[in-house]
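Novice: Chains as they are written, first to last, in our numbering: chain A, 1 to 117; chain B, 118 to 263.
The following block contains the structure, expressed as structure tokens.
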Amino acid sequence: MKLSEIVAALDASVLVGEDQMDKEVNKCGASDLMSDILAGLSEGCILLTGLTTVQVIRTAMVAGVGAVVFVRGKKAPQEVIDLAKAQDLPLISSPYSMFVSCGRLHDCNLTGLTGQR
Amino acid sequence: MSGLKKSFYIKARDFNRAGEASISVQNFLKSMNFDPGLIRRIAICGYEGEMNAVMHGGDGALSIEIDSDKLVLEISDDGYGIEDIELAMQAGFSTANDEHREMGFGAGMGLPNMKKNSDQIMVASEKGQGTQVQMIFFLNQGGQID
């Protein structure tokens, strides 16, 4: 599934990475615990989180996450946006809660990190 | 290639910069054409260790040493140390505070995840004496460099 389709499914806005909307992602992890992402099969996934700290971006970089979605319409601090830009990491903001965002993406046939649905 | 060593300073409680050392290592190993899967394992171990040092350590250092057959990653700090290493190695055990949890850490998965992603791990620590974590990654399975 293309990032552009994920943005459409979530009525989301793109904070960073307009030029990467053709990128394909097929699995999704949702967590506010960065260790869960680091311990999971998170390479190439999209990460849904309610956290907007620089550590989310660094976790994504270290784990090879394909894109980050902030839920509940959270506004990321400028330093977070700048770091994601510098690393070419797409950042997306969903107006929906974690639950509703996950439900919408599940409807789009995205799987969890282990491939389960 | 043997005996190449790189070292990075880790500043205690500097949460804004925490992780920079591990990402520098990640970028360096990419430039050396290491196997991507191996780089990910090393970066994850480095980052978990670096976060531990920033959260619980005094100032510290992260270093890598590359030999022909292995890469050694070491994270050391001058912090308050680990009282019971066996307990700290158990998944879910954590001494993190609310500030750490607000940043998404403190799940008690740091050391277990470092153990899972490295080929060998040695943890040396005593209360009040700082902590040294050394991890070894063998390079003979796709991680070899030219």
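Don't be surprised by glycine CBs; every beta carbon is placed ideally from N, CA and C.
Remember, it's a predicted structure, so these values are computed and weren't measured experimentally.
From the DSSP output, read off the bridge partner residues of L269/B.
Specialist: Lying outside 118 to 263, the shown extent of chain B, residue 269/B is not represented and no answer is given.
Novice: So, helix, strand or coil for L15/A, using DSSP?
Specialist: Residue state, collapsed to three classes: strand.
Novice: What do you reckon, is the C-beta of L188/B under 7 Å from a heavy atom of the ligand MG?
Specialist: For the ligand MG, the structure offers nothing, since it holds no ligand at all.
Novice: Distance check for D176/B and T212/B, CA to CA, integer angstroms please.
Specialist: Each residue's CA atom was taken as its position, placing T212/B and D176/B some 18 Å apart.
Novice: Quick check: G66/A and G44/A, are their CB atoms within less than 8 Å of each other?
Specialist: yes
Novice: Against chain B, with Cβ distances strictly below 8 Å, would L47/A count as a contact?
Specialist: no
Novice: Would you say E165/B faces chain A, with C-beta separation under 8 Å as the test?
Specialist: yes
Novice: Does DSSP put V71/A in a helix, a strand or coil?
Specialist: Three-state DSSP puts V71/A in coil, outside helix and strand.
Novice: On the DSSP bridge assignment, give the partners of M239/B in chain order.
Specialist: Q251/B
Novice: Under 8 Å between C-beta atoms, does R104/A make it to chain B?
Specialist: no
Novice: At a CB distance below 7 Å, what residues from the segment 26-37 of chain A approach chain B? Give them in sequence order.
Specialist: D32, L33, M34, S35, D36
Novice: How far does the alpha helix (DSSP H) with A9/A in it extend, from its first residue to its last?
Specialist: 3-9
Novice: Using DSSP bridges, identify the partner residues of T111/A.
Specialist: K27/A
Novice: Out of I202/B, F145/B, D236/B, point me to the one whose CA is closest to G225/B's CA.
Specialist: I202/B
Novice: Compute the Euclidean distance between the alpha carbons of L204/B and I238/B, then round it to the nearest angstrom.
Specialist: 15 Å
Novice: Could you compute how far the alpha carbon of Q261/B sits from the alpha carbon of D152/B?
Specialist: Confidence is the limiting factor: at Q261/B the pLDDT is only 48, short of 50, which leaves the residue's position unreliable, though a coordinate-based value still follows. About 8 Å.
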